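Reviewing the structure listed below.
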Amino acid sequence: WPQRVLETLVTFFRELATPGGVALLFAIICLSSQVVLLDLFLWKYVHEVSLVTLVVDIPLMLYMMWYWRAESAHYAVPTQWLAYSWVHAAKVVVLFCRVMPRLPAAVGENTSLRDFFINGSMDNLYSPEMVMNMLLLTPVLYSLLMYRAGRAIFGAHASRITVDFVMHYDMLWHVVIDMVDQADMFRFSRLPEICGQDLSIEHSNSIINIQTVTPLLLFLSMALQAQALPGVMVDSWKIPMPVSATPPPPLPTKERPSSRLQASHSTSTIRTMSRSDIQERAQSSADLASLARGRRLAASPSSPMEALHRAEAGEAGCSASSPSGRRSAPAEGASSSAARGLGLGG
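Under the working numbering, the sequence shown has 148 at position 48, and the numbering climbs by one with no breaks.
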């Protein structure tokens, strides 16, 4: 097992050197930074019970680190985004209703990020701009996860531009723009400060209605965006191989395959037949069946109705061939005999 662990570590660091590994590393950094800072706001302005969201956030980060391989991104990334979206939607509602209205207004130049990450100061950390900056990490995280999922679904080296490929990245830009609008909607929680005292008093009912509807819209939009990350959840999907990869060698076959192998081989041969070959075989089978049926009818004694039809057909042929249009004697005899057989004649 030490050799296996060493090989896994070597493969892990090689994966981090690839574009997909870099995207995974930055996704983990974005998620952990956002979780820590938003939980600080919830812990200070709401209650300590708000830290219960760590029950989902910590396993989510461990889940992202566990599925670090590029070939597992097509089914692991959608699950990660689904869990993140639902927890984040609940946090956003609490931040809008309970945290943003209580934050102090920023005075002068906003240097909260610089003071926190460089100087280690938390004086200007709790500000509305800091909350909005942390919310803007969501589209960054979504873009990184979409990139990993796209490489797993369409291959590392896409040979051509397809409709699915274009729709994948078109959805990426649409969702990113929606997330930026969602972060900007947090300004509605401080509308009286933005509008001023006079307008706030004049349009107080409208401001209340806007601040009542906005949390519901934020929750629904972020919860529905959990379905905005495509993936492949079935086992029958064949991940496209890179151009440099070599196909696996064929399985060795025995000289005398068993009857079960012969049956499976014949079944696979039938499945690989083209549609034109199937239609030709079906037509030839129908022709052989109709020929055999005609032979059986010719060999078996005719029924009275069949005899009448044959007689009428022969009579019509003879009248058409005769220039005077008169019946020939054999045709008349056949017609009369068929009529007597049916009980139509005297």
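No residue lacks a Cβ here, since even glycine has one placed at the ideal position from N, Cα and C. Note that the structure is a prediction, hence the values are computed from the model and not measured.
What distance in whole Å lies between the Cβ atoms of residue j and residue i, which are believed to be in contact at a cut-off of 8 Å?
i      : j      : result
Leu318 : Val192 : 5 Å
Ile307 : Leu291 : 5 Å
Ser289 : Met200 : 4 Å
Ala190 : Arg248 : That belief does not hold up - the Cβ atoms of Ala190 and Arg248 are roughly 25 Å apart, past 8 Å.
Ala170 : Thr108 : Incorrect: roughly 15 Å between the Cβ atoms, too far for contact.
Could you have a look at residue i and say whether DSSP puts it in helix, strand or coil?
i      : result
Pro119 : helix
Leu203 : coil
Ser321 : helix
Thr262 : coil
Leu241 : helix
Ser227 : coil
Trp273 : helix
Val146 : coil
Val110 : helix
Pro102 : helix
Gly448 : This structure does not reach residue 448, given that the chain is present from 101 up to 446, and the question cannot be answered.
Ala328 : coil
Ser421 : Confidence is the limiting factor: at Ser421 the pLDDT is only 45, short of 50, which leaves the residue's position unreliable, though a coordinate-based value still follows. In this structure, Ser421 counts as helix in the three-state DSSP scheme.
Arg287 : helix
His303 : coil
Leu235 : helix
Arg198 : helix
Tyr184 : helix
Tyr167 : coil
CB residue i to CB residue j, shorter than 7 Å?
i      : j      : result
Pro228 : Leu245 : no
Phe286 : Met232 : yes
Pro178 : Leu324 : no
Val156 : Val187 : yes
Gln134 : Leu236 : no
Arg198 : Val149 : no
Gly250 : His268 : yes
Ala326 : Ser185 : yes
Which residue from the options puts its Cα closest to that of residue i?
i      : options                        : result
Met279 : Val313, Leu241, Ser289         : Leu241
Phe112 : Asp284, Ser306, Trp166, Tyr269 : Trp166
Trp273 : Phe286, Gln282, Ile310, Pro239 : Pro239
Val194 : Ser243, Met271, Leu138, Glu107 : Leu138
Met234 : Val136, Ile310, Ile128         : Val136
Tyr226 : Ala283, Leu142, Glu171, Tyr175 : Leu142
Gly331 : Gln180, Leu140, Ser132, Glu115 : Gln180
Leu160 : Tyr175, Leu151, Leu131         : Leu131
Thr153 : Ala127, Arg251, Asn305, Ala183 : Ala183
Met164 : Gly121, Leu140, Asp284         : Gly121
Ala205 : Ile294, Thr262, Asp270         : Ile294
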